[in-house]
Amino acid sequence: MKTEEQKKIVLTDASMIITEACVQSGADVFIGYPITPSNRFYQYGGNRFPLFLAGPDEITVMQWMAGLSTAGRFPVTATAFPGLALMMEGLNMSYMMELPMLLIITQRLGPSTGSATTGAQGDLGVLHGAISGGYPLPVFCPSDFEDSWYLTHEAIKTSIALRTPVVLLTSKEMVMTSKSFDISDLKPLERLSMNFDSDPIELPYQTYRSGQKMVPPFVPAGNDEYQVRFNSSTHDNEGMIRKNNPESLNNTRRLKEKIEKRLNEYTFFEYDQQDDSKDLIVSYGISAEASRDACAEWRKSGHKASLLIVKTLLPVAPDILGIIRQFERVHFVEENITGLYREIIFGKMHADSVFSVEKIGSMITPEEIIKSLQS
Amino acid sequence: MTTNMLTDVKMPFCPGCGHGIIVKSISKSLEDIGYQPNDVVIVTDIGCAGLVDPLFNTHTVHGLHGRAPALGVGVAMGLNNKNKKVIVIQGDGGATIGLQHILEAARRNINLTLIVFNNLLYGMTGGQISGLSTDKFKSDRDLEPGIPPFDIVRLAHEAGAVSSARVVSPRNFNEYLKKALDAPGFSLIEMASMCTSYAVSKLKELEEYSEEENALTNRRAPVEATFRQTSSLFDRLQGIPRMFGSKIHQRLGIVLAGSAGGGVQSAAMLLAKAGTLSGLHSTMKGEYPVTVGTGFSIAEVILSTEPVHYTGLNKPDVLIIVSEDGLSVAKHLINKNVLVLADDKLDVSQYPEVISMPFVQEAGKRGAALSGLSEWIRRSGMLELQSLVEAIGKHKHGESLLKALFALEKKS
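Here the protein sequences line up with chains U and R, keeping their order. Everything in the first sequence is counted per this note's numbering, starting at -6 for the first residue and increasing by one. Everything in the second sequence is counted per this note's numbering, starting at 10 for the first residue and increasing by one.
Here is the structure:
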């Protein structure tokens, strides 16, 4: 138990916690366009990151990010859906080039520009299909301030370890709500360097030749020792454009395999199981806190329910499916009216055992979740 | 490691294409200046000009159509090394697509050289005209006659490029290229090239169709990326120790409703801080239209003896309304279970439970929300008023905030 002196209680928000976690983890560049509700990242990023660049638009932002990444820097940006839409081209490019970087998505109500200052959970579907060909893009989703700290670190770790862009999916309500919080609870984070987890370099070095881990060791463009060739088009191990030859197609297949192979290393979730419960509440992000409250309330009134807060939303891990399968009734809680995560898990087959607590315009309340449990 | 700039890969261009001559000129100019292959990063676009990667023994980065100048900016900023040379290669089509990227790179004077291979059209997709196709070329084909091309040389110059030039005759290629490659900062060189498949097959024709050779300079220092040492954001925050008591049991929700610029958000933040100073768990969030300087401004504060998970506030316990904007968006929250304090100029006659007070009159528009808060504290005794005074502390507007806090004291 901490004494009052050992605590440091402040009023802060997830934007600040995530920004600080990025820099402590070794991210050195923030590039952004200050779209609402990601503005605080821009503000904090400008004060904290070793290098801050004000991008004129999100297409440019992604290109600068990619260029910085080829040179061995770890770039971070923050945006909302209208910006994400513009970033799709550069995101696919960086995915193909195998460039580490972090995209923080602050969800707001859509479609289109929707309501800039209203929260939502509407972008999971877009991220699920973001990469042409359906290749998996790791998506992490913090459910509270602690997650904002540790999960940001894990997201950056995964990005470097797998040489891939990754997404941290947040929401307006998460990144713009201030809360009193004891920041002495947050342990300092390890500074990660490029290649901390790669296969050793084999000579002659080839930008896309991988070993056991299926992740080619990263060498920055412009280095004195090895020639590097990054390529956004279908390419061979050396990084040369090759159309449909076995080596280049294997390279493309590897993009999927490298991400799925180590999924267990970066699958995070919180599972609060209650013995003999038949109901499972599944939630993530900004709806997770209401789900925690609802579950506690439901149990207090003598009922049983288990709770699953998913923090690695994509790719969907077998562990998540394994938990969901154990329950007779599953209640998906997410702030949209289309059941985006539910659909990723169950597709269009709406079984009688699957329920959705859905809403737009304001956060889902614990009462609304309890209502679903009562049904 | 080889010192040859070029590999022995066969040129991938159509017979007679001018791009091969440009590639050889780039290689020669780099060697003349004294660069080694690993000193150079060539960033390429999509299109025929973007096929050059395998020809060079340098580092190469092959990107997207029109975006290579922006990608090159990232590479140059990331390298941040004067001894390394970033060269971006794109065609006239790519330069049209990504015109803004070029202007942005020039404006920032990023240390790189952009080489635009202008063969007057999009060669890879079948010879469609581009924004750099010259008027004469288009008129002869009866395609958009009378619409002038972008003068990319002048545009880059106006945006701030240290060196910006157009070269048409291969005789001048090396001279122009060396100047561009040697320029400290952003340089652009537009180089005329033949597309024998869709444009011209003779150099004389190309010279006729091309714009005049030109060379412009600006005196500017290149912009370098500065990687700063910064301190933790957390170290810059003052801890908020428990200093006061409170009468709040469990959870209390307070909504402040007013207009943008009326101090609603800052008053709510002070309340959250006062709550924390009183040993409570506090949350605060704002709600306002996108235009932050006009319209309504709502702030929600939750003070609780238990940690707050769900931060929504659908049924507040206290509602303070200080303007018409605030009333119009918060009136649906008024009911007999809510303590409502409203400015006395607002028409709340239909809500008999509302307590009206002269917040604006006594504390001014910017102080009204804080004045409302202090009135609630005085009436309810939920917090010690001193906790708000402490929360204001050394605030830059401390004096006026304290004035607002006590504006109504004599009237309560």
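Cβ atoms here follow ideal geometry from the backbone N, Cα and C, with glycine treated the same way.
Backbone CA spacing between residue i and residue j [nearest angstrom]
i              : j              : result
G65 (chain U)  : V49 (chain R)  : 16 angstroms
F133 (chain U) : Y334 (chain U) : 13 angstroms
G81 (chain R)  : I96 (chain R)  : 7 angstroms
G288 (chain R) : T314 (chain R) : 8 angstroms
F223 (chain U) : L410 (chain R) : 57 angstroms
P209 (chain U) : I252 (chain U) : 13 angstroms
V398 (chain R) : L144 (chain U) : 37 angstroms
S389 (chain R) : V310 (chain R) : 16 angstroms
G332 (chain U) : N85 (chain U)  : 25 angstroms
L246 (chain R) : M9 (chain U)   : 11 angstroms
I364 (chain R) : L350 (chain R) : 5 angstroms
S108 (chain U) : P27 (chain U)  : 15 angstroms
A230 (chain R) : A154 (chain U) : 38 angstroms
F261 (chain U) : R375 (chain R) : 46 angstroms
K211 (chain R) : S202 (chain R) : 10 angstroms
Q56 (chain U)  : D286 (chain U) : 42 angstroms
T163 (chain U) : T235 (chain R) : 29 angstroms
N4 (chain R)   : N216 (chain U) : Given a span of 10 to 421 for chain R in the structure shown, any question on residue 4 (chain R) remains unanswerable.
H222 (chain R) : I98 (chain R)  : Here residue 222 (chain R) is Glu; the residue named in the question, His, does not match the sequence. Cα to Cα, E222 (chain R) sits roughly 19 angstroms from I98 (chain R).
M366 (chain R) : H341 (chain R) : 20 angstroms
Y319 (chain R) : H121 (chain U) : 27 angstroms
Y26 (chain R)  : K37 (chain R)  : Note on identity: in this sequence residue 26 (chain R) is Cys, with Tyr being the wrong assignment. If I take the Cα positions, the gap works out to 19 angstroms.
Q367 (chain U) : S346 (chain U) : 13 angstroms
M293 (chain R) : L164 (chain R) : 48 angstroms
Proximal residues of chain U, C-beta to C-beta of residue i below 9 angstroms
i              : result
D62 (chain R)  : R222, N224, G232, M233, I234
S291 (chain R) : L4, S171, K172, S173
R260 (chain R) : Chain U residues near R260 (chain R): none, gap ~11 angstroms exceeds 9 angstroms.
Buried/exposed call for residue i, threshold 16 Cβ in 10 Å
i              : result
K364 (chain U) : exposed
A266 (chain R) : buried
F34 (chain U)  : buried
L141 (chain R) : buried
S337 (chain R) : exposed
M342 (chain U) : exposed
M156 (chain U) : Correcting the residue type first, residue 156 (chain U) is Arg in the shown sequence and not Met. Buried is the call here.
K236 (chain U) : exposed
T358 (chain U) : buried
H152 (chain R) : With the sequence shown as reference, residue 152 (chain R) is identified as Leu, and His is not the correct amino acid for it. So L152 (chain R) ends up on the exposed side.
T239 (chain R) : exposed
R318 (chain U) : exposed
D41 (chain R)  : exposed
Q205 (chain U) : exposed
Contact list for residue i against chain R, beta-carbon separation under 8 angstroms
i              : result
I176 (chain U) : F243, L246
D286 (chain U) : H318, Y319
A283 (chain U) : H318, Y319, G321
Proximal residues of chain U, C-beta to C-beta of residue i below 7 angstroms
i              : result
M133 (chain R) : Per Cβ cutoff of 7 angstroms: no residues; M133 (chain R) is ~12 angstroms from chain U at best.
L88 (chain R)  : A64, G215
I297 (chain R) : Sequence inspection shows Tyr at residue 297 (chain R); the Ile mentioned does not correspond to that position. Result: T110.
A234 (chain R) : L44
Interface residues of chain U facing residue i [CB-CB closer than 8 angstroms]
i              : result
N2 (chain R)   : No answer is possible for residue 2 (chain R): it lies beyond the span of chain R, which begins at 10 and ends at 421.
I249 (chain R) : I2, V3, L4, S173
Contact list for residue i against chain R, beta-carbon separation under 7 angstroms
i             : result
Y88 (chain U) : What Y88 (chain U) touches in chain R: nothing, since even the nearest Cβ is about 12 angstroms away.
T12 (chain U) : L242
M9 (chain U)  : L242
Residues that residue i contacts on chain R, provided the C-beta gap is smaller than 9 angstroms
i              : result
N40 (chain U)  : T239, L242, R245
K271 (chain U) : Here the premise fails: no neighbours, minimum Cβ distance about 24 angstroms.
Y37 (chain U)  : L242
Worksheet item: Residues in the stretch 383 to 413 of chain R with C-beta within 7 angstroms of chain U's C-beta atoms, listed in sequence order?
Response: If the cut-off is 7 angstroms between Cβ atoms, the stretch 383 to 413 of chain R has nothing near chain U.
Worksheet item: Unbroken alpha helix (DSSP H) runs of length 4 or more, entirely within the stretch 26 to 73 of chain U: which are they?
Response: Segments of the alpha helix (DSSP H) lying fully in the stretch 26 to 73 of chain U: 32 to 41, 51 to 63.
Item to complete: Would you list, in chain order, the members of the stretch 42 to 60 of chain U that have their beta-carbon closer than 8 angstroms to a beta-carbon of chain R?
Response: Of all residues in the stretch 42 to 60 of chain U, F42, P43, L44, L46, P49, D50, I52, T53, Q56, W57, M58, A59, G60 have a Cβ within less than 8 angstroms of some Cβ in chain R.
Worksheet item: Which residues, in order along the stretch 151 to 174 of chain U, keep a beta-carbon less than 8 angstroms from a beta-carbon of chain R?
Response: Residues of the stretch 151 to 174 of chain U with a C-beta atom less than 8 angstroms from some C-beta of chain R are E166, M169, T170, S171, K172, S173, listed in chain order.
Discussion item. Please identify, using Cβ separations under 8 angstroms, the residues of the stretch 344 to 361 of chain U that lie next to chain R, in order along the chain.
Written reply: From the stretch 344 to 361 of chain U, only S355, M356, T358, P359 have a Cβ closer than 8 angstroms to chain R.
Discussion item. Please give the ranges of any alpha helix (DSSP H) in the stretch 87 to 133 of chain R, keeping only runs that are unbroken, at least 4 residues long and fully inside the region.
Written reply: List check, alpha helix (DSSP H) in window: 101 to 106, 108 to 117.
Item to complete: Could you name the residues of the stretch 98 to 120 of chain R whose beta carbon sits closer than 8 angstroms to any beta carbon of chain U, in the order they occur along the chain?
Response: Contacts with chain U (Cβ-Cβ distance below 8 angstroms) from the stretch 98 to 120 of chain R involve Q109, H110, E113, listed in chain order.
Practice prompt. Jot down the residue ranges of each uninterrupted beta strand (DSSP E) in the stretch 333 to 369 of chain R, minimum 3 residues, whole runs only, in chain order.
Written response: 348 to 352, 364 to 366, all fully within the stretch 333 to 369 of chain R.
Fill in: Interfacial residues, the stretch 327 to 361 of chain R to chain U, with Cβ spacing under 8 angstroms
The residues in question: there are none.
Worksheet item: Using Cβ-Cβ distances below 9 angstroms, what residues of the stretch 18 to 37 of chain U are close to chain R?
Response: Taking 9 angstroms as the Cβ-Cβ cut-off against chain R, the residues of the stretch 18 to 37 of chain U that qualify are D21, V22, I24, T29, Y37.
Discussion item. If the cut-off is 9 angstroms on Cβ atoms, which residues from the stretch 22 to 49 of chain R count as contacting chain U, listed in chain order?
Written reply: From the stretch 22 to 49 of chain R, only Q45, P46, N47, D48, V49 have a Cβ closer than 9 angstroms to chain U.
Practice prompt. Identify each residue in the stretch 299 to 324 of chain R for which the Cβ-Cβ distance to at least one residue of chain U is less than 8 angstroms, and report them in chain order.
Written response: Interface annotation for the stretch 299 to 324 of chain R against chain U: V299, V317, H318, Y319, T320, G321, N323, criterion Cβ-Cβ distance under 8 angstroms.
Item to complete: List in chain order: all unbroken beta strand (DSSP E) runs of 3+ residues lying wholly within the stretch 215 to 291 of chain R.
Response: DSSP runs (the beta strand (DSSP E)) wholly in the stretch 215 to 291 of chain R: 223 to 226, 260 to 268.
Discussion item. Restricting to runs no shorter than 3 residues, where is the beta strand (DSSP E) found entirely within the stretch 142 to 194 of chain R?
Written reply: Listed in chain order, the complete beta strand (DSSP E) runs (minimum 3 residues) inside the stretch 142 to 194 of chain R are 172 to 176.
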